[in-house]
Amino acid sequence: MDLLRKKSQRMRTKSLRLFLCGSFLVLGAHANIALADLRVQVQESVNNAEPATVTHWFGKDRTMRDDGSRYIITSLRASTSTSTIVNRETQTYQVVPLNLRSSAQLPEVVVTRTNDTRTIGAWPARCYRLSDPATRELVIDIWVTQDVDVDFSAFRNLMINLGNRPGSEWLKAYEVIEGFPILQQVELTRPGIRLLSESRVLSLEEVVPQAQNIYEPPDYYTRLR
Numbered sequence: 004m005d006l007l008r009k010k011s012q013r014m015r016t017k018s019l020r021l022f023l024c025g026s027f028l029v030l031g032a033h034a035n036i037a038l039a040d041l042r043v044q045v046q047e048s049v050n051n052a053e054p055a056t057v058t059h060w061f062g063k064d065r066t067m068r069d070d071g072s073r074y075i076i077t078s079l080r081a082s083t084s085t086s087t088i089v090n091r092e093t094q095t096y097q098v099v100p101l102n103l104r105s106s107a108q109l110p111e112v113v114v115t116r117t118n119d120t121r122t123i124g125a126w127p128a129r130c131y132r133l134s135d136p137a138t139r140e141l142v143i144d145i146w147v148t149q150d151v152d153v154d155f156s157a158f159r160n161l162m163i164n165l166g167n168r169p170g171s172e173w174l175k176a177y178e179v180i181e182g183f184p185i186l187q188q189v190e191l192t193r194p195g196i197r198l199l200s201e202s203r204v205l206s207l208e209e210v211v212p213q214a215q216n217i218y219e220p221p222d223y224y225t226r227l228r
């Protein structure tokens, strides 16, 4: 009987350890998800020129655009909002205030959900067209998908808030756009000139940033005044 009781106690202890271990792993997984930011790789081109690959990071109230030779960090904090332009080649950086305005001061952006649909890469997408007055002379088409298995709420909130920046008012369109942009096309046409820029998503995933200074310039870089 004593042997049976001891064996039963050992089994209960082992089961408890397995349960606690499993619970720890689940909590750890959720912790990693909570710390993860959205990393988006895109190809950018102008007038069908050779495209350049750019990496974007989107976290809570912050974003970073990395084109290799430099990266731009945008921070939207309660006290101040800034863009930090970091130059890897010269090991320097410059901090620029964003001067965001209130929504009441902004021109309206008109968003039209079109019936144009197609598959872009691996994603089924629908075209949204943005128009005046916020777009001014630009014709902006954003191809959007809802078929992504990532949390892009940080991206959406950032775009809406950055829409308070002079010249970027059209970003307020993300208040009504449903989904994530897979392809963005911006066209400017004037007498004797036509410019068409494209930004196409190659991949997107939730990743925990490995570099400690992804949203900060390195300590040894020189700040320009």
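Residues 4 to 228 (my numbering) are what the sequence shown spells out, left to right. Ideal placement from N, C-alpha and C gives every residue a C-beta, glycine not left out.
- Query: How would you call K175, buried or exposed, if buried means at least 16 neighbouring beta carbons within 10 angstroms?
  - Reply: Taking all protein chains shown into account, K175 has 16 or more neighbouring C-beta atoms within 10 Å of its C-beta and is therefore buried.
- Using the Cα positions of L41 and R68, report the straight-line distance between them to the nearest angstrom. Roughly 12 Å separates the two Cα atoms.
- Item | Cross-strand partners of N90 (DSSP beta bridge) | According to DSSP, N90 bridges with R73, T95.
- Task: Report the three-state DSSP secondary structure of R159 (helix, strand or coil).
- Result: Collapsing the DSSP output to three states places R159 in a helix.
- Please classify A137: is it buried, with 16 or more other beta-carbons within 10 angstroms of its beta-carbon, or exposed? For A137, the number of other beta carbons within 10 angstroms of its own is at least 16, and it is reported as buried.
- Query: Do you know how far the Cα of G170 is from the Cα of D150?
  - Reply: Their backbone Cα atoms lie some 30 Å apart in a straight line.
- Query: Got a sec? Which residues, its chain only, sit under 7 Å from D222 by beta carbon, not counting five neighbours each side?
  - Reply: For D222, where only same-chain residues beyond five positions count, there are no Cβ hits under 7 Å.
- Message: Which same chain residues end up closer than 7 Å to D70 when comparing Cβ atoms and leaving out the 5 residues on each side of it in sequence?
- Response: Cβ within range, chain order: A55, V57.
- Query: Which residues share a DSSP beta bridge with P127?
  - Reply: Paired residue(s): T122.
- Item | Nearest residue (CA-CA) to L109, options L198, L207, L165 | When the alpha-carbon of L109 is set against those of L198, L207, L165, the nearest one is in L165.
- Count the other CB atoms within 10 Å of the CB of S206; is the residue buried (16 or more) or exposed (fewer)? Flag for S206 reads exposed.
- Cutoff 6 Å; reference W126; Cβ partners in own chain excluding five residues on either side: Within the same chain, W126 has close Cβ partners T148, D150, I185.
- Which residues in the same chain as F22 place their Cβ atom closer than 8 Å to its Cβ, once the five residues preceding and following it in sequence are excluded? Here F22 scores only 38 on pLDDT, less than 50, and its place in the model should not be relied on; the value that follows carries that caveat. The answer is none, since no qualifying residue turns up.
- Message: Give me the DSSP bridge partner(s) of W146.
- Response: In the DSSP output, where bridge partners are listed per residue, W146 has C130, L186.
- Message: Let's see if you can read the secondary structure: which residues bound the beta strand (DSSP E) around S202?
- Response: Bounds of the beta strand (DSSP E) holding S202 are 196-210.
- Is L103 helix, strand or coil by DSSP? Judged by DSSP in its simplified three-state form, L103 adopts coil rather than helix or strand.
- In three-state DSSP terms, what is E47? Note: E47 maps to strand in three-state DSSP.
- Measure the C-alpha to C-alpha separation of E208 and R121 and round it to an integer number of angstroms. Rounded to whole angstroms, the separation of the alpha carbons of R121 and E208 is 22 Å.
- Message: By the three-class DSSP mapping on this structure, what secondary structure does L23 have?
- Response: Residue confidence for L23 is low, a pLDDT of 35 falling below 50, so the modelled location carries little weight; the figure read from the coordinates is stated next. In the displayed model, L23 falls within a helix according to three-state DSSP.
- Report the rounded CA-to-CA distance for V204 versus I143, giving the unit in angstroms. Whole-angstrom Cα-Cα distance: 16 Å.
- Message: Suppose you measure from the CA of R65 to the CA of R139; what does that come to, to the nearest Å?
- Response: Here the alpha carbons of R139 and R65 stand approximately 27 Å from one another.
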